[in-house]
Structures are given as C-alpha cells and as structure tokens.
Amino acid sequence: MAVEIRAVAPEELDVLGRVTAMAFGQDPDPAAEESYRKLLELERSRGAFEGGRMVGASFAYGLELTIPGGTAATAGVASVGVLPSHRRRGIMRRMVTGLLAEAQDQGDMLAALWSTEVPLYGRFGFGVAGVTTKLVIDRFPLVPHRLAPRPAPVVLVEPDEAKEVLPSVFDRKRREVPGMFARSADWWELEILADGPRLRGEASSLRYALALDSDGHPIGYAQYRTSGSWEGIGLGITLRLEEMIALTPAAYSGLWNFLVNQDLVRQLRAWNVPAETALHQLFANFREAQTLNDGLWLRILDVESALSSRRYSADGSLVFEVFDPMTAKLSRYRLEVSGGSGSCRRVSDSPDLSLDLEDLSAGFLGRARFRRLGALGRLKGEPAARALADAMFDWYPQPWCQEVF
C-alpha cells in the first residue's frame, strides 16, 4: 500500500503524539499534546500515512538561531520517527526532504536538529556544528583556584521569581552564543519551567539559584534538581544540573562554587554543558572526566545567503566547491570577506577548497576544522587555503545549543 506524506491536521495532534512516542520506544505523554498545540506550526509538520493510518511523524519549529554576529531564521527539525513496522522503506527520507523543502519555502537559511543516531543526517547535508559535554563530578569539595575570579553571591529564589527573572538573563546570553535560540513565553512555560511529577521522576522539584552583581541585579542562574537516599544515618545527594547561564566571569564562578560545595552533595551530573566549561580553570583540584558528544547539527539551506549573513574573524577570499549529498548537486561559491563582513555568490572559478555540504555546515557557526578535515582527507585544497578558512570561520564564543528541541 502506498504511503502518503503530508502535513498533520489539527485534529491529528493526539495521533502525532502517540506515533512519535512509540517510534522512540516510549509511552505517549498527555502533556505533549498541549505543547504541540501551542508551539507547533502545522504547515511545518510531515506525517506518513498508509491507508489513512499514521505510521511516521515529524515536524519543525521556526527558530531564531544565533549565528556569528547576528541571527538567522532556522527550521528546528524535531521528533522524526517511523513506527517499527514501517522502517527501512524510505519514509524518513521523504519526511525530512519534505520538511527541508517547506523550510526553504518559508525563507529559512538553515535547518538544525539533535540526532538520536549519528549516521542518519550527514547524508542530508547536516554537520555537527556544536558539541556538548557530559559532566559527572564525584570529588567534593572543590577548592577554588588561586587565579579564579571572585565568585558573585548566589541566592535561591522561588519559582514565581524565577519565571520573571530567568528569561531576560537568558535572552542576553543567547544573543552572544552561536547555536542558541530564542524562547517564546509559551516555550518557557511548557518546555523550561514545567515541573510536574512526570518531569521530576524520583528527583526534587526544580531549584533556582541566581547570581547577583554588586547592586543586587541578576547576572546568571542555575536551574537544578536533587535526589538522594539514606544510607544508615548518612544522606548522599545527587545534584542534576538542568541549565546554567552566566553573563560574567564572577557569575560563572559564583554559580559553580555554589553547586559543587553544597553540604551532603556527593555527585553532580550535567548532560549538556559547553565544551569550554573548563572547570580546571576555576578549581585547583578538579580532575573529573568530561565526555564530549555531538550537540547541534546544522544544514545550510541557502549557501549564498547564509555565508553572506554571518560575521567572520579574518578577511580573505576563497572559492568553495560544495557537494550536496541530498540533491547530488555540485556548486561553486566565492566568499569574500572585508572588515569581517562577507559576500557570497555563485561562480565558475577554480575552487580553493572542495568539500561536502556536511562539513561546510559543520563549520558555519564558528567551529572551524578545515585544516583537520583536510588532514583526514575529507576535503581537498592547499594548506594555505585550509588555514585561511579556519581563520575566517573561527568564532568566540564557540557554538553551543542550550537544549534539545
């Protein structure tokens, strides 16, 4: 029986939730339907239907993604799943290509996602544009390094105050870091501050810690949960960091000092902190392992517009020959950068660098690796061209995305 790919209708949102949950091996979540109703633009959804029954589901959020020097309209591809009974039939590819075509029709320059399985999305031209670190700390207490900045004072606040304060602090930070994206009021309510029993599991309700400047103004926050069990007369607490945002070195130092030096805490766990967290710079006795993982994946949808829109760290001119694995098309573009501003156009000139769209997309947010990729044979070009590309595309701060969407 033929499988039809089309947008999901409003009355099918509950089915979308069930199919998405089953495709990822989970039970349906009643709260997800409310989130879908408030956050989804249904024209950005793609469902797979066989005989009128939904057998696959996917959608994309319209995101305002931070890029070096600005922001870009981006399709946040999410929850692409096919029922176990219908895998390996090309349904996922048809849904993803439909979502990307819709994104281009909407005027998006980029598409972004988090990948559940690493091999899936390179063939669509997505590359790892931002990495994330999983952190587990078992050594307490941590001793501040003699060169660390003086920590800002930290206070605990109630949920009502956190709801008022956190969004403005976050918004200041997300404008600086490539890969972060803006949050709407509904997103804050449904995705970040929601705190029902389902989200807690066996852990506590959310705790909110604010770092303050000398005038008492918020300059950072940490959102976390705790869990623990009694062992005889001793209590061992695990602290699970959900999110930390710091606007100054003092805020960063203050929040980490607060988190790692609480009484009774025996372990701190965080699954998504920036790769440059570098706690050995803050604490003299920090020697814990940090596991680096892929974070945000990115595909450039419009090379000319995207490369013309971001800022660059060095001036120069390069011709890129880019192969798009999804369309099997080969195109050449000249990028000229002057005073940090770029201009990109199609050309027929001889290329300085030849590479896959996956690798160009991976470097777009500032995680430049052109020399390394050349050494591995993944791109072609002279060493001087690779070095220039690294200098042009590199950016500080390095890209990081604050959450899975």
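Quick note on numbering: our numbering labels position 361 of the sequence shown as 341, and the sequence is numbered without any gaps. Every residue, glycine too, gets a C-beta built ideally from N, C-alpha and C. All values derive from a computational prediction rather than experimental measurement.
{"Item": "8 Å Cβ cutoff met for Leu281 and Ala91", "Value": "yes"}
{"Item": "Rounded straight-line distance, which links the Cα of Met2 to that of Phe268", "Value": "One detail in the question is off: residue 268 reads as Glu in this sequence, not Phe. If you take the alpha carbons of Glu268 and Met2, they lie about 37 Å apart."}
{"Item": "Short Cβ contact (8 Å threshold) for Pro124 with Phe263", "Value": "yes"}
{"Item": "Nearest-angstrom Cα separation, counted from Ser194 out to Arg126", "Value": "22 Å"}
{"Item": "Test: Gly105 CB closer than 8 Å to a CB of chain B", "Value": "This model lacks chain B altogether, as it is built from one protein chain only."}
{"Item": "Neighbour-count burial assignment, Gly31, 16 or more Cβ in a 10 Å radius", "Value": "exposed"}
{"Item": "Met89 - containing alpha helix (DSSP H), residue span", "Value": "Per DSSP, Met89 belongs to no alpha helix (DSSP H) and is neither H nor E."}
{"Item": "Residues near Glu182 by beta carbon distance below 7 Å, same chain, minus five either side", "Value": "Ser207"}
{"Item": "Cβ contact check for the region 300 to 309 and the region 326 to 334: 3 or more pairs under 8 Å", "Value": "yes"}
{"Item": "Minimum C-alpha distance to Arg163 - residue among Glu156, Val157, Asp151, Ala174", "Value": "Asp151"}
{"Item": "Boundaries of the beta strand (DSSP E) in which Ala53 is found, first to last residue", "Value": "50 to 62"}
{"Item": "Under 8 Å between C-beta atoms of Thr54 and Pro254", "Value": "no"}
{"Item": "Distance between Val327 and Tyr201 (C-alpha atoms, nearest Å)", "Value": "48 Å"}
{"Item": "Whether Ala348 touches Ala52 by CB criterion (8 Å)", "Value": "no"}
{"Item": "Contiguous alpha helix (DSSP H) assignments of at least 4 residues, all confined to the region -18 to 60", "Value": "-7 to 3, 10 to 19"}
{"Item": "Per-residue DSSP class, three states only, for Phe300", "Value": "strand"}
{"Item": "Endpoints, the beta strand (DSSP E) within which Ile117 is located", "Value": "111 to 117"}
{"Item": "Which of helix, strand or coil DSSP assigns to Arg68", "Value": "coil"}
{"Item": "Expected contact under 8 Å - CB spacing of Ser288 and Cys324 to nearest Å", "Value": "5 Å"}
{"Item": "Option nearest Glu223 by Cα separation, candidates Leu79, Pro8, Leu115, Leu310", "Value": "Leu115"}
{"Item": "Buried versus exposed, by CB contacts within 10 Å (16 or more), Ser39", "Value": "Residue identity differs from the one stated: residue 39 is Phe in this sequence, not Ser. Counting Cβ neighbours within 10 Å, Phe39 comes out buried, since at least 16 surround it."}
{"Item": "Strand pairing of Lys143, partner residues [DSSP]", "Value": "According to DSSP, Lys143 bridges with nothing at all."}
{"Item": "Leu368, DSSP secondary structure in three states", "Value": "helix"}
{"Item": "At least 3 beta-carbon pairs within less than 8 Å: the region 17 to 29 vs the region 81 to 96", "Value": "yes"}
{"Item": "Sequence-distant residues of its chain with Cβ nearer than 6 Å to Pro133 (five each side left out)", "Value": "Leu192"}
{"Item": "Nearest neighbour of Glu284, chosen from Glu316, Ala342, Asp166 [CA to CA]", "Value": "Glu316"}
{"Item": "Whole-Å CB distance - Pro229 paired with Pro379, under 8 Å assumed", "Value": "That belief does not hold up - the Cβ atoms of Pro229 and Pro379 are roughly 20 Å apart, past 8 Å."}
{"Item": "Alpha carbon of Lys153 to alpha carbon of Val(-17), nearest angstrom", "Value": "44 Å"}
{"Item": "Close-in-space but distant-in-sequence residues of the same chain around Gly(-3) (CB under 6 Å, 5 per side omitted)", "Value": "Pro8, Ala12, Glu13"}
{"Item": "Beta-bridge partners of Asp280, as assigned by DSSP", "Value": "Checking the sequence, you will find Ile at residue 280 rather than Asp. Note: Ile280 sits in a beta bridge opposite Leu90."}
{"Item": "Identity of the residue in Gln203, Leu179, Ala231 nearest Gly196 by Cα", "Value": "Ala231"}
{"Item": "Residue interval of the alpha helix (DSSP H) (run including Trp236)", "Value": "229 to 240"}
{"Item": "Proximal residues to Val384 (C-beta, below 7 Å), its chain only, five neighbours per side dropped", "Value": "Trp94"}
{"Item": "C-beta contact flag for Gly36 and Glu(-8) at 8 Å", "Value": "no"}
{"Item": "Exposed unless 16 or more other CB atoms sit within 10 angstroms - verdict on Pro121", "Value": "exposed"}
{"Item": "Test item: CB-CB of Arg279 and Ser341 under 8 Å", "Value": "yes"}
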